[in-house]
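Terminal number for the sequence shown in the numbering used here: 592, no gaps in between. Note that CB positions come from ideal geometry on N, CA and C, so glycine has one too.
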Amino acid sequence: METTNQQIKPFSKLSKSSLKTGWLCAILTGVMTFMAFPTDLSPDYNFWWLIWFSHVPILWWLSDKTPQQGFKWGYLTGIIINTGGYYWIAELIQTFGHLPMAVAVIGLALHSLLVGLIWGVWGYLICALSPKWGRLLVVPIAMMAAEYTLPRIFDAHMGDCQYPFVMIMQISDLLGVTVVTGLIYLFNVALCDALDGKYKGLKIATSLIMVSLIYGGIRMSQVDEQMNQAQKLRIGMVEGDIGIFESEPRQKKRDHLLIQQNLSAQLEAQGAELIIWPESAYRASGIPADLKAFTPSPVPLVKHHEEDLQKRTPRQDQITPQRGFTTPLLFGGNGIGIAEPSTDTEKARGRGRRLYYNRAWLLGEQGEALGYYDKVHRLVFGEYIPFGDIFPVFYEWLPAASRTEIGSGVKSLAFTSRKGTQARLGMLICYEGIIPSFTRELMKTQPDILINLTNDDWFAATAERYLHFALALPRSIESRRMYLRATLTGVSAIVDANGRILKWTSTEDPEVLLDDIPLLKGQTLYSQIGDILPQCSLLFILCALWQRRRDETKVDQIVAAEEK
29 METTNQQIKP FSKLSKSSLK TGWLCAILTG VMTFMAFPTD LSPDYNFWWL
79 IWFSHVPILW WLSDKTPQQG FKWGYLTGII INTGGYYWIA ELIQTFGHLP
129 MAVAVIGLAL HSLLVGLIWG VWGYLICALS PKWGRLLVVP IAMMAAEYTL
179 PRIFDAHMGD CQYPFVMIMQ ISDLLGVTVV TGLIYLFNVA LCDALDGKYK
229 GLKIATSLIM VSLIYGGIRM SQVDEQMNQA QKLRIGMVEG DIGIFESEPR
279 QKKRDHLLIQ QNLSAQLEAQ GAELIIWPES AYRASGIPAD LKAFTPSPVP
329 LVKHHEEDLQ KRTPRQDQIT PQRGFTTPLL FGGNGIGIAE PSTDTEKARG
379 RGRRLYYNRA WLLGEQGEAL GYYDKVHRLV FGEYIPFGDI FPVFYEWLPA
429 ASRTEIGSGV KSLAFTSRKG TQARLGMLIC YEGIIPSFTR ELMKTQPDIL
479 INLTNDDWFA ATAERYLHFA LALPRSIESR RMYLRATLTG VSAIVDANGR
529 ILKWTSTEDP EVLLDDIPLL KGQTLYSQIG DILPQCSLLF ILCALWQRRR
579 DETKVDQIVA AEEK
């Protein structure tokens, strides 16, 4: 019987005293984890199921380690995960940052070292607290607390990779995507214990998964009914497949506005009541922040810029957004303001420096500005450089970095269609779509739809476009809103309030999406209570560490007394 038990234990032939075994466990966990998210090997399909047992190897290896060893091996695992998952950072730095490959590799390494700390701290906490509290409790709680607390550029959660497993994701409307992360890590540690003959945890984890799936099935049915009964707004999205100018041929650069206008005319012919263009879709510079209208052009559309030159089309008609269609338009562009003079030079000149805003404009049928939203959460090193206001020379060192201002706050734009349908458009620009707390704040403005305008072309044709989409998709479930994502070069998508991808585009060729979008009301539990789960997890960890420190102090006092 003992021989049989030894044979069914997958780690029985591995030595826990061998560093090679530790490296093998860290690599296995690291690779399986980043493969659970979109990668170049499977950009439009991730092996999401890998995450459910990806951490078994490293958990087995850490089972008899000290807290210091736990940090070291956890940190190594985290570095592997983030190097594989964010490999495209190096390409971004080199291609669009115009920096040498060596600098690009260093940038990727620094990012991996920063975000890898999540797993380092997680490993430390497992080894420090499990002897008293048990691994079944500590492993998931430690990860939820670490994800919530430690700094990172991209607000990713391990639960995000489960977007294809729609039914399990439904619990996100209760406690956010963090609860999916906790369930994943609970199952991993339960499975690890089960392989060692301890099945209690596996029974608990399996039961919780079953309850979550039952809840998911019931909740999806309820939300489906709400979407069926809701008032609809026919919305079209344009993806012109026009990247930023550095990555596009000369002809396409000149035709970029015409491409989007011709696609918009097609959507208007199909009954679109609102047309959406992505972030950076309108490239005209110097748009005054207080502009009241973009006068539509009556000049017929052409296919190519050269035709306008031949016909001597007036400049104003060439650059106005609405040409060939009059349907209201929501598009990404800029807004330019002027700051109050602050320096002696500015005071002598009579005006301050120019202020650049990453803006979404909403235009009516006559081109009138119905409203706008300025991006609030800027991407570090992409839209600003830390301490750049104090040391402007930083922008000279990194000329590819923009210097945009922070918007006045989250906002939903009021819109009324030709048919009289009223809607509140909850606005998110690019990076804001992956931040749960931002969407939760946006929900206070009572949006009926969530609309994310994005430019992912900075990251070139890499898996980043699909990864960014994966990180944003849970917002639809957390808020129970339709989620419309418009991008320059893909992936644009229409996601329903159950997190199902109804339609999406490729990363090649111009495309449009059109659908009747339900206008939903109400608030989810998560929208109201926020991140109470990771906050409670953090509180537990802090109390457990304090208890551990107090116990160690008592032991030290006893030992000292005995020595006397």
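Which of helix, strand or coil DSSP assigns to residue i
i, result
"GLN35", "Any reading at GLN35 needs caution, since the residue's pLDDT is 44, under 50, leaving its predicted position unreliable; the model's value is listed next. Here GLN35 sits in helix by DSSP."
"LYS44", "coil"
"LYS331", "coil"
"ILE181", "coil"
"LEU547", "coil"
"ARG224", "The sequence shown places Asp at residue 224, not Arg. It is coil, neither helix nor strand."
"ASN110", "helix"
"ILE55", "helix"
"VAL438", "coil"
"VAL266", "strand"
"THR94", "coil"
"LYS127", "The sequence shown places Leu at residue 127, rather than the Lys named in the question. Here LEU127 sits in coil by DSSP."
"ILE134", "helix"
"ASN74", "coil"
"LYS281", "helix"
"PHE215", "helix"
"MET29", "Note that MET29 scores a pLDDT of 39, beneath 50, so its modelled location is shaky; the value from the coordinates is reported in the next line. Three-state DSSP puts MET29 in coil, outside helix and strand."
"THR432", "strand"
"VAL166", "helix"
"PHE443", "strand"
"VAL207", "helix"
"GLU539", "strand"
Boundaries (first-last residue) of the beta strand (DSSP E) holding residue i
i, result
"GLU250", "Per the sequence shown, the amino acid found at residue 250 is Gln instead of Glu. Taken as a continuous stretch (DSSP letters only), GLN250 belongs to no beta strand (DSSP E), being part of the alpha helix (DSSP H) at 228-257."
"LEU391", "382-391"
"MET455", "450-457"
"ILE529", "529-532"
"TYR511", "510-515"
"ILE121", "It is not in any beta strand (DSSP E) - ILE121 instead sits in the alpha helix (DSSP H) that spans 116-123."
"ILE557", "Careful: ILE557 lies outside any beta strand (DSSP E), inside the alpha helix (DSSP H) at 553-557."
"LEU319", "Unbroken run through LEU319: none, as it is neither H nor E."
"LEU478", "477-482"
"LEU302", "302-304"
Cβ distance (whole Å) where residue i is taken to contact residue j below 8 Å
i, j, result
"GLY352", "LEU329", "4 Å"
"GLY264", "ALA300", "4 Å"
"TYR310", "GLY360", "7 Å"
"TRP305", "ALA451", "At roughly 18 Å, the Cβ-Cβ gap does not stay under 8 Å, so TRP305 and ALA451 are not in contact."
"LEU453", "ILE418", "Incorrect: roughly 36 Å between the Cβ atoms, too far for contact."
"SER82", "MET60", "4 Å"
"MET455", "ILE479", "6 Å"
"GLY229", "ASP221", "5 Å"
"LEU136", "ILE117", "5 Å"
"LYS367", "ARG381", "Residue identity differs from the one stated: residue 367 is Ala in this sequence, not Lys. That belief holds up - the Cβ atoms of ALA367 and ARG381 are roughly 5 Å apart, short of 8 Å."
The alpha helix (DSSP H) enclosing residue i, as first and last residue numbers
i, result
"TYR152", "145-161"
"GLU492", "492-500"
"ILE86", "84-90"
"ALA64", "First-last for ALA64: undefined, no H or E at that position."
"GLY576", "Gly is not the amino acid found at residue 576; the sequence shown has Arg there. 560-591 is the extent of the alpha helix (DSSP H) around ARG576."
"ARG468", "464-470"
"VAL194", "194-197"
"VAL523", "Premise fails: VAL523 lies in the beta strand (DSSP E), 521-523, not in any alpha helix (DSSP H)."
"VAL421", "421-425"
State whether the stretch 384-401 contacts the stretch 418-427, with contact taken as three or more CB pairs (one from each stretch) at a distance under 8 Å. no
The stretch 442-450 contacting the stretch 127-145, beta-carbon criterion three pairs below 8 Å: no
Can we say the stretch 170-185 touches the stretch 548-568, given the rule of at least three CB pairs closer than 8 Å? yes
Say whether the stretch 96-113 touches the stretch 146-158, bearing in mind that this needs 3 or more beta-carbon pairs closer than 8 Å, one atom from each stretch. yes
Counting pairs of Cβ atoms below 8 Å between the stretch 225-235 and the stretch 496-513, do you hit three or more? no
Taking only runs that begin and end inside the stretch 347-419, name each unbroken alpha helix (DSSP H) of 4 or more residues, in chain order. 372-377
For the stretch 492-501 and the stretch 65-72, state whether three or more C-beta atom pairs, one from each stretch, are separated by less than 8 Å. yes
Mind the definition here: the stretch 160-168 touches the stretch 122-138 only if three or more C-beta pairs lie below 8 Å; say whether that holds. With contact defined as three or more Cβ pairs closer than 8 Å, the stretch 160-168 and the stretch 122-138 are not in contact.
Stretch pair the stretch 404-420 + the stretch 339-357: three plus CB contacts closer than 8 Å: no
Stretch-stretch touch, CB-based, cutoff 8 Å, three pairs: the stretch 185-205 with the stretch 572-591: no
So does the stretch 541-558 actually touch the stretch 519-533, counting three or more Cβ pairs closer than 8 Å? yes
Can you confirm whether the stretch 49-59 touches the stretch 84-91 when touching is taken to mean that 3 or more C-beta pairs between the two stretches lie within less than 8 Å? yes
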